[in-house]
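For the sequence shown, my numbering begins at 674 and goes up steadily by one. Beta carbons are placed, not taken as given, at the ideal position from N, Cα and C, and that holds for glycine. Predicted model, so just to flag it, every value in this text is computed and none were measured. Remarks on the structure that follows.
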Amino acid sequence: MRIVWTLAFILAASHMASPGVAQIVDGNRAYKECEAENKSSIDYFIAGVIDAATNDKAALLAKSLQYSVNTSPVPAELTRGILKEMRAFCLSQPVDAVRVRDVICSYLKSNSASRNMSAAKLAVEALQSAYPCASR
């Protein structure tokens, strides 16, 4: 399943980029896709951002576990940092894709001054705001 989402992300990112030019999708370009009649590009992009964020969480957890095997005890500061990163946002299952798109597109609309930043970063900020994780 991860391969499908990754391929979808690559397809969407390549569709959103200019032919022959590698570029990072910024918030302005993502917002244009939010406003487009066909929402498939922004939907694939969002799926890719969520998949990447999920994989980043897994990488952080693996790093923590490897550190704890090699070093005991794990420093509290490292544990707090890893847990903070892992709680970037928490989506309920199943995820309503249209609702998630609406959250991200509304965030891009409301934060026009920040749209020159990475669209992925802005999408994660939108998800953090709308789907915070419960403190433990």
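Residue 790 to residue 775 span [Cα, whole Å]: Rounded to whole angstroms, the gap between the alpha carbons of residue 790 and residue 775 is 19 Å.
Of the listed residues 798, 786 and 698, nearest to residue 773 (C-alpha basis): The residue with the shortest Cα to Cα distance from residue 773 is 798.
Sequence-distant residues of its chain with Cβ nearer than 8 Å to residue 719 (five each side left out): Apart from sequence neighbours up to five positions away, the residues of its chain that approach residue 719 with a beta-carbon distance below 8 Å are 770, 773, 774, 777 and 796, ordered along the chain.
DSSP three-state assignment for residue 791, whether helix, strand or coil: DSSP places residue 791 in strand when its eight states are reduced to three.
Contact set for residue 805: own chain, Cβ-Cβ below 6 Å, skip 5 residues either direction: Excluding residues within five positions, none has a Cβ falling inside 6 Å.
Cβ-based neighbour list, residue 763, same chain, cut-off 8 Å, excluding 5 preceding and 5 following: Excluding sequence positions up to five before and after residue 763, its CB lies within less than 8 Å of the CB of 804, 805, 806 and 807, all in the same chain and listed in chain order.
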